[in-house]
Structure formats: structure tokens, C-alpha cells
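This report concerns only the one structure given below.
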Amino acid sequence: MRLRTKLVLSTASLIALPAVAVLVALQFQAGNVTLSLLSAIAVAIGVAVMHFFVVSPIDRRIKSAATAIEALSKGKLSSELDTESKDELGDLGRSLQATCSGLKKTFESEEIDWDKVAELKVISKITDMTSIVSEADLKGTIVSCNDKFCEVSQYGRDELIGQGHNMTRHPDMPKSVFKELWGTIGRGNIFRGMVKNLKKDGTPYYVDAVIAPVMGENGKPRKYLGVRYDVTESEIERQNAKGILSAIDDAFAYIEFDTSGNILTANKNFLEAMGYQLDEIAGKHHRTFVTSDYARSSEYAAFWADLKDGKSYSGSYKRIAKGGREVWIQAVYAPVMDEVGRVIKVVKIATDVTEAKIESINNERQLAEANRNQAVIEFDNKGMILSANDNFLSCVGYSLNEIQGRHHSMFVDEEYAKSTEYAQFWTDLNNGRFQTSDYKRLAKGGREIWIQATYNPRFDASGNVNKVIKFATDITAKKAAEEGLTRTLALVAEHSQTLASAAEELSATAQSMNTNTADTARQAGVASSASEQVATNISMVATAAEEMSASVQEIAKNAAEAAQVGASAVGVAASTNETVSKLGASSVEIGEVIKVITSIAEQTNLLALNATIEAARAGEAGKGFAVVANEVKELAKQTAAATEDISIKIQAIQTDASGAVSAIGDISEIIRRINDIQNEIASAVDEQSATTNEIARNVSEASRGSSEISENIVNVSSAAQYTTEGANDTLTAAQGLAKLSSELKAIVENSRN
């Protein structure tokens, strides 16, 4: 049953349904309830049966067809369809299946990428615009062609359609090429080749032709599609190149190879460059001219495979001449093709560049070495920056984009950039004069740097300077070290002068101290004599005491003399005390001088250390000064040791001086006591008889005091002796210090020179 009939019956049943419902209602109103219920049930069953057997199958088939159409819209060509039914849905299923089968065959896939189809459409348009496109039937008659075909061939479309493709064939084309073409496309394969055609005006044009069969359902071609690319210009150039090769045979080395690399022929220039005769190399392979390792490499095999496929090579090549001699050539390997684009041989045109290549290699090595280790920058002959390496950019703190195209004057201060000296600098470079020196330059942010640089003019083929290359080394640290070294030398010189002054002052103090010590010794001698006199007088007093009864007058006289001696002893003791006090003060002054000398020695040692550091930073240039710094350091150590010895002796002098002051104080006290005793003796003369025993006692005490005086005077003399020795040692140390200062000053002067 056709789908239309089923739909009519279904629709009729739906229309009859309201009528039946009205009939049931009338029966129900008439009181025939049973009949009305039966009628309603019958209607419901009829509707359900109609929906199950008619509507539902139709709905499922429609949905299945809709699903298949939706899948097709998404490119899916495999869907389950009703192709057995004889109704309209069956017809639709069979049509969809046929469509999918056709698309599968066309696209050779179970799915279609509609985006890809859109891209192919665009490609087709592009091809139509840029290529010569035509369709031909199985006899080669043109069925259609695009505008490009008409444009290139100079024929109108109406002149081409219905005509054979041979109407544009050039008579120079071999018949064998077209025989090969028809045999290839007749078997269902694609043909590609170079074809020489003829324009309407009789001029030739060349096309790279691709002819492809369009296959029918029977698996055989049903028509042919041709896409051709106009290569007239390149083909003419190729043919011109062939003529040029013969023209340059006299000027260059020339050799021919077959497509396998076997030597066919070579000209005189080539044979002379390689040292062979033609009969020595004819028929041999090109590997004769390369090393055995390279001949066995995949690179060499690819080289000849590419040449055989029509790829050219050019460049500098190392080759081996007769006897193993290395030869460098600048060469072009060019495949030679026939009219249809097939490689028939390979020609090489070469020039012997051995000397230039060796020089270039050496220059490149030197340049690479300089580029690795030095800052390199290039300028044009006006001073504009062309390029700079990483070392230079790191030195000045710029990136290449920040300096490229700017003038060299950006690296110098404004005043120098405006000077005639700077203008002359670039004039000299443009005149080809090499420049080298230490230069102060300004890095990014105005930072001052020092470089040791050479400016090298480079010349063009006419001998004119076309650029300047600068090779530079950053010597900022070296310059800073040299300046630090200069400052250190100045400080050393200044402190050596101070050291000399201090040595002179120490020497003068030592001389004064020596004089004071001599005075102390002399006065100690006087005190010693006085004490001996006191002892004598006391003895006389003792004798007088024993002979009291014999001579009171003699006692009085001796007592008076003792009083005078005591007074004299007091004076001498006071003078000695003053001298020793001065000696103590001088010792203190010497101690202060020693502190100054010690401070200078420490500063000298520190300066020597700084000088050593600066010398190390200065590298090779500071080695000589490092020796000087060590000598200065040793002198400082000797000075420190000498001042330490002097300090120890001065401390001993101060200690002895303090002891002397104390001893002299004791002497003064004893002498005063003697004087008192003498006075008592004088008074006792009047009371001689009553106080004899008292006199004896006093004389005994005087005797003991006299012994103490003698002992203290000995101590003073010893202290004076020690002081003299210390003063002599101080003088010797001062003289040594002065000598060290002179030597230090001489070393500094030598270092400066």
C-alpha cells in the first residue's frame, strides 16, 4: 500500500471519530447506555489499531529518514535506510542510499568533511585563476576551458571548444611524448611533463602539464581534466643558461656528469685546476674529487640524488686534486633538463678559490676568536652603528635595538663629541688610518668605563672605506686599580714623611733624655759624695761623743759642719729629685712618640695590605708593585717591632725613674732628720754633761741614716745608668726608624717611576 493511501485512511479515521462520538452521545441520551458504551469502546479500539498499524510505522520510517538526512548533512554516509518498501518513504530511502554511495565513491571515504569540501572549492577557484584548466573527451576534444587558457593561448573560448588539444601543439614537440601521455591517461594514471605549445600569434609557450583521467562507473576514463602551469619564462631562462654555460667555458672550470655522477667531459680550466688529463678522469665517478669518508656518507648520496631530481647546488666546496692536494672551489652544480623536464646530465661551473678560502678561513677564525673574547662593534663610514656583539652590549649596558642606527657619539661626553679632535678621529678613519689607544667611554646611564680598543677601517672593492670595525677590551677595573695604586703610593709617601718626622722627634727626645740622664748621674755622684761626708761627720760625732769630756768645742765645730753638709745634701737631693722628675716626664713624652710611631706602623701595614689588594686587582701590571707592597709591609713589621722594644725599655725607665724619685724623697727626709739631729747636737753642747747618753743615741741613729743614704744613692746611680742605656737604645731605634723611613720613601719613588 502506498504511503499516500495509508495517510488518507488514517486521516479519514480521524475525521470519522467525531461523528462516532456524536452517535454515542445520542444513544446515551436516548437511554441506551449499553449500546453507547459498546460504541465508545469500539471507536477507541479502532483508533488504537489504526495508530499501531498505520501511524506508528509511518512515524518511525519518517524519523529514520530524517536521521539519515541529518547525518548526511554532517558528512556521515553510512545510515540504515528503508529501501525495501514500495511507497514514497522507500523511494526516499533508495534515493538517499544512492546519494551516499555516489559520495562514497567520489570521496573514497565513509564520511565527508564539508569544511574540506569548502576548502577544495576555494582551491578550485585559486587554480582556475592561476592555472590553465581544460576538460577533454576521450578523443581529446576540448569540452571546456577557463579564462587563463584563453589568455595564454590567445584563442577565444569559442575557438577552442570543439577542437582538439593539438591545435596548440608546437611542432618541436616529439610525438613520443604524446604517445606516452595518451598511454598513461588511458590506463587511468596521471601524466605530468613539460610541453611546448604554440600561441595563436605563432610564439611558443611552455607549460608544466598535469593530465588526469576522470573515471566512470565502469572503472574506465570518461573524460580528461588538464591543469597546466605557464613556465615560459623559467624555461626560456633555462635555455639561456645553457647558452651561457658554453659562453663561459673559456673563463671558468667546467665539467659534465651523467645523472649517476660519472664524468663525461671537462674543460681545460678544470683539468689544470685539478692536475689531471681528460683520459685520466673520463668515465670515473665524481667521488674521485672528494675524501673517501665523504664519498661513503649519506650526505653525498643525497647530494647526487637531489641533482638527479633536478635540484641545483652552489657554494664553496673542498675537493681533492691529483696527488691528494686540497683545492677549494666556488662552484654551481646545475642539472640540465631536456624539453620535457627530464634531467639528462649535470654540469658544474667552478672557480679555484683556494687562496681566498684559506685566507677567509683564517680571518673567520680570528674574527670568531675576537668575537668570543672581545667586545666587537661595527659602524658605517659615518659612525652610525650597524651591529654589536654580546660582549660589547654587556660592557655598555645596552641592547642592540637601543643603539643600532645611532651614532658613535652616544658613547662619548658632549664636549668631546663637539670637539675638532673627535671630528678628526672619524676623518682619519675614513682616510683608512688605523686607530688604537685606551679610551674613556660612557655606558648606559652615564656610567664611565675605560676600554682598550682598535678601530679598523674596512674597504670596498673600489678601495673606499665602507665601514669600521672596533675590537675592544674593558679595562675599567684595571684603570681603577691603577688609580687606587696611585692614591696608595701618595698615602705611603705622605705617611713615610710623617714617619721620618716622628723619627727625628724621637731622636731629639732620646738626645734630650740622654743629657738629662747624664745630669742625673752627675748629681747622684754629688749626692753620693755628700752621703760619704755625712758618714765621716757622723763618725767624727761618735768620736767626739767618746771624747766629750776632752773637747766640747770640737763637737760644736763638727756639729756645725754636719749641719752644713746636711743642708748641702738637702739641696742636692732636691736638685736630683727635680732632674729625675724631668726624666719621668721625658719618658712619658717618649711614650707618646712611640704611640705615634706605632700608629704610623699600623697605618703603613694597612696601606701595604691595600696596595697588595690593588696590585692583585691590577693583574699583570700590578706584579711589580706587589713586591714593593711586601717590602713596605716588612718595613712596617720591623718598625712595629722596634717601637715595641722601645716601649718596653721606656716603661722600664719610667719604673726606675719612679723608684729614683721615691729614693730621693727618702734621702731628703733622712737629710732633714740629720739636720734636726745636728741642731739637737748643737743644743746639747750646752747641756753636755746631762745629755751625753742622748747624744750617743742620736749619733747611732745618724749612723744608720747615713747607711740608708748611701744605699739610696747607689740605687739612684743604678737607675741613672739604666736610664742612660734606655736613652741610647731609644736613640738607636730612632735612627733605625729614620733609615726605614728613607728606604720606604725611596721605594715609593721607584714605584712611581
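According to mature numbering (1 follows the signal peptide of the UniProt record, and there is no 0), the stretch in the sequence shown is residues -21 to -1, 1 to 732, in order. The C-beta atom is built at its ideal place from N, Cα and C for all residues, glycine as well. These figures come from a predicted structure and were not determined experimentally.
Going by DSSP, what residues sit across from residue i in a beta bridge?
i	result
Met432	One point to set straight first is that residue 432 is Ala, not Met, in the sequence displayed. Looking at the DSSP assignment, Ala432 forms a beta bridge with Ser416 and Ala451.
Tyr292	Tyr312
Asn241	His264
Ala274	Per DSSP, none; premise fails for Ala274.
Gly203	A small correction: the amino acid at residue 203 is Tyr; Gly does not occupy that position in the sequence shown. Tyr203 is bridged to Ala115 and Pro192.
Ile364	Phe358
Arg148	Asn176
Arg321	Answer is none; Arg321 lacks a bridge partner.
Glu90	Lys55
residue 735	What the structure shows of the chain is the stretch from -21 to 732, and residue 735 is not part of that stretch, so it cannot be assessed.
Ile305	Contrary to the premise, residue 305 reads as Glu rather than Ile in this sequence. In DSSP, Glu305 forms a bridge with Ile299.
What number of angstroms, rounded off, separates the C-alpha of residue i from the C-alpha of residue j?
i	j	result
Ala77	Trp283	52 Å
Thr182	Asn125	21 Å
Asp317	Met173	9 Å
Ala191	Ser378	57 Å
Ile215	Val101	31 Å
Tyr203	Lys179	23 Å
His149	Gly289	24 Å
Tyr401	Ala459	25 Å
Ser291	Ser88	40 Å
Glu49	Thr163	41 Å
Ser80	Asp272	58 Å
Glu278	Ala310	18 Å
Val447	Ile382	16 Å
Arg351	Asn370	8 Å
Leu(-19)	Leu160	Per-residue confidence for Leu(-19) stands at a pLDDT of 47, beneath the threshold of 50, marking its modelled position as unreliable; no derived number is given.
Pro436	Glu338	18 Å
Taking the alpha helix (DSSP H) that residue i belongs to, which residues open and close that run?
i	result
Leu160	Lys154 to Gly165
Gln345	Thr333 to Asn352
Leu287	It should be pointed out that residue 287 corresponds to Lys in this sequence rather than to Leu. First-last of the alpha helix (DSSP H) with Lys287: Ser277 to Lys287.
Val375	Asp369 to Val375
Asn248	Lys247 to Met253
Arg171	No alpha helix (DSSP H) holds Arg171; the beta strand (DSSP E) holding it covers Phe170 to Leu177.
Tyr395	Glu393 to Ala396
Val131	Asp126 to Ser132
Gln256	Counting along the chain, Gln256 falls outside any alpha helix (DSSP H), and DSSP gives it neither H nor E.
Gln403	Thr399 to Asn409
Arg136	Arg136 to Leu139
Residue i: buried (16+ other C-beta within 10 angstroms of its C-beta) or exposed?
i	result
Phe450	buried
Asn380	exposed
Arg166	exposed
Asn342	exposed
Val206	buried
Tyr395	exposed
Pro153	exposed
Lys127	buried
Glu196	exposed
Gln218	exposed
Ala367	buried
Phe390	buried
Glu438	It is Phe, not Glu, that sits at residue 438 in the sequence shown. Phe438 is exposed by the Cβ-count criterion.
Trp405	buried
Ala261	exposed
Ser293	exposed
Pick from the options: whose alpha carbon is nearest that of residue i?
i	options	result
Leu177	Gly222, Asp288, Trp161 and Cys129	Cys129
Glu114	Leu421, Ile382 and Gly141	Gly141
Asp107	Ala313, Tyr208 and Tyr184	Tyr208
Asp237	Glu212, Arg166, Ile323 and Glu49	Ile323
Gly411	Gly424, Ile428, Gly442 and Trp429	Gly442
Val326	Asp453, Ile337 and Pro314	Pro314
Phe157	Lys127, Val189, Tyr134 and Tyr184	Val189
Lys199	Leu117, Glu212 and Arg217	Leu117
Ile302	Ala281, His265, Ala274 and Met253	Residue identity differs from the one stated: residue 302 is Gly in this sequence, not Ile. Considering only alpha carbons, the answer is Met253.
Phe257	Ala335, Val391, Arg385 and Thr244	According to the sequence displayed, residue 257 carries Leu and not Phe. Checked all of Ala335, Val391, Arg385 and Thr244; the closest Cα to Leu257 is Thr244.
residue 750	Asn409, Ile105 and Tyr434	This structure cannot speak to residue 750, because the chain is shown only from -21 to 732.
Phe249	Gln403, Asp331 and Gly320	Asp331
Ile121	Asp137, Ser110, Val131 and Gln133	Asp137
Hey, could you find the ends of the beta strand (DSSP E) residue i is sitting in?
i	result
Ile382	It is not in any beta strand (DSSP E) - Ile382 instead sits in the alpha helix (DSSP H) that spans Leu379 to Ile382.
Ala422	It is not in any beta strand (DSSP E) - Ala422 carries neither H nor E in the DSSP assignment.
Phe390	Here Phe390 belongs to no beta strand (DSSP E), and DSSP marks it neither H nor E.
Phe236	Ala232 to Phe236
Looking at the C-beta of residue i, does it have a partner C-beta in chain B at a distance below 9 Å?
i	result
Thr333	Considering every chain present, this structure includes no chain B. It has just one protein chain.
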